[in-house]
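Input: a single structure, listed below in structure tokens.
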Amino acid sequence: MPTFEVDHLSLHYLTRFGEKIQAVSDVSFTMEQGEILGIAGESGCGKSTLVNGLMGLFIPPLYPTSGDVRVGGESLMKRTPQDIRKNVLSQKVSMIPQGAFNALNPTRKIKDIAADVIASHTGGHTSKKDIEARLRERFDLFGMDTERVLNAFPIQLTAGERQRSVIGISTLLNPQMVIADEPTSALDVTTQKVVIRMIFDLLEKGIFNTMIFITHELPLLRHVANNIAIMYAGEFVEKGTNEQVVFDPRHPYTQALMGSMLSAEPGQKSRKPVSIEGAPPSLAKVPPGCRFAARCPVARADCKTQKQELRMVAGRLVRCNYAE
Ligand SMILES: Nc1ncnc2c1ncn2[C@@H]1O[C@H](COP(=O)(O)OP(=O)(O)OP(=O)(O)O)[C@@H](O)[C@H]1O
Ligand SMILES: [Mg+2]
């Protein structure tokens, strides 16, 4: 049975001016235990919004438009943020947020932040001493300078130590699955490697085995994910195995993205990166047809008006009526 089921999920923001921003449209997928799904797409395409929806965290101005999310068969929709925090987060689904610095209360030490977070996710059933002992064990396991980090305020730590502390805290209760939202953005390359190593270690040690990994760095996904979904203007436009999406993309957007990302293989003449002309449509007024049509090098006359559904093309899902 799938651990995680997302069924035609659409999400919108309602701005103060009454404008509806359709940040996520009709996203469906299921995940089995042990799967690592990578989600990639350019800035503003709805990745972080989707993450909130996947955890059932609807805090105004974000609202579910339609659809359902189920963890272990249990729907997360129509539940209060308090209920989700107490009964779902950290235990069933845990998030590693984008930008660790903002996720940490600057006025509390790491050990106190951990105690606050875990207490709010277990209804206060775990003692502060227990939490600290578990965190100490975890930090030791990952070769961190445990005592110094536990007793430090976030500002006293390096960016890498902060991000690893956030990862340590969010996986302390051994969640069934983890959603990592750009866990390495804003870090330098060396620190990125340390953080990725920690995530791999957590997977190898079986602390969790199912993960959604969000990034706009496709080369990274190639090494991490089993399956990859490409998002464009709030929609999944292609979803398949790592091999299919990276080496044989079928949606014109994925093809353009890969063309702009993939560097030449060793020994080959270097390829000039291709940039994609234009910008995605406003999510306040999404076009009725293909959302990529205005930038698509192979668009046909009816693409802008004809609705595009995900369909099977060469063994994976593609949202393009003309892909083959
Ligand atoms: N609080 C908000 N109110 C209104 N619109 C919002 C709000 N937060 C995000 N949006 C809009 O929703 C869309 C999706 O934003 P989101 O942050 O999910 O994108 P993203 O793919 O995570 O981008 P990035 O790669 O930069 O993190 C964007 O158009 C953004 O402007
Ligand atoms: Mg984001």
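For the sequence shown, the residue numbers in the working numbering are 426 to 749. Virtual Cβ for every residue (Gly too), placed ideally from N, Cα, C.
Open item on the list: Based on DSSP bridge pairs, tell me the residues matched to Ile653.
Closed with: In DSSP, Ile653 forms a bridge with Gly463, Gly665.
- [ ] Take Leu643 as the anchor and find which of Glu668, Leu628, Gly659, Thr635 has the nearest alpha-carbon.
- [x] Of the candidates Glu668, Leu628, Gly659, Thr635, the one whose C-alpha sits nearest the C-alpha of Leu643 is Glu668.
Task: Whether Ile556 touches Ile543 by CB criterion (9 angstroms) - done: yes
TODO: Report yes if the C-beta of Gly703 is less than 8 angstroms from at least one heavy atom of ligand 1; otherwise report no.
DONE: no
Open item on the list: Using only the alpha-carbon positions, how far apart do Ala558 and Pro705 sit?
Closed with: 48 angstroms
Open item on the list: I'd like the ranges of any alpha helix (DSSP H) spanning at least 4 consecutive residues and lying wholly in the segment 547-572.
Closed with: 553-566
- [ ] Using the Cα positions of Glu607 and Ile509, report the straight-line distance between them to the nearest angstrom.
- [x] 22 angstroms
Task: Proximity of Ala654 and Gly463 at Cβ, strictly below 9 angstroms - done: yes
Open item on the list: To the nearest angstrom, how far is the alpha carbon of Ser590 from that of Asp537?
Closed with: 12 angstroms
Open item on the list: Could you give the first and the last residue of the continuous beta strand (DSSP E) run that contains Met737?
Closed with: 736-738
Task: Pro506 in three-state terms, based on DSSP - done: Three-state DSSP puts Pro506 in a helix.
TODO: Inspect the CB distances between the segment 449-467 and the segment 429-441 and report whether three or more fall short of 8 angstroms.
DONE: yes
- [ ] Please state whether DSSP places Gln588 in a helix, a strand or coil.
- [x] helix
Task: Proximity test, Asp606 beta-carbon vs ligand 1 heavy atom, cut-off 8 angstroms - done: yes
Open item on the list: Rounding to the nearest angstrom, what Cα-Cα distance links Pro501 and Arg563 in this structure?
Closed with: The question names Pro, yet the displayed sequence has Leu at residue 501. In a straight line, the C-alpha of Leu501 is about 29 angstroms away from that of Arg563.
- [ ] Would you give the residue range spanned by the alpha helix (DSSP H) that Ile521 belongs to?
- [x] Careful: Ile521 lies outside any alpha helix (DSSP H), inside the beta strand (DSSP E) at 518-521.
Open item on the list: Let's see if you can read the secondary structure: which residues bound the alpha helix (DSSP H) around Thr616?
Closed with: 614-629
TODO: Please check the pair Asn651 and Ile446, which I expect to be a contact at CB under 8 angstroms, by giving their CB distance rounded to whole angstroms.
DONE: Incorrect: roughly 32 angstroms between the Cβ atoms, too far for contact.
- [ ] Tell me whether Gln588 counts as near ligand 2, meaning its Cβ is closer than 8 angstroms to at least one heavy atom of that ligand.
- [x] no
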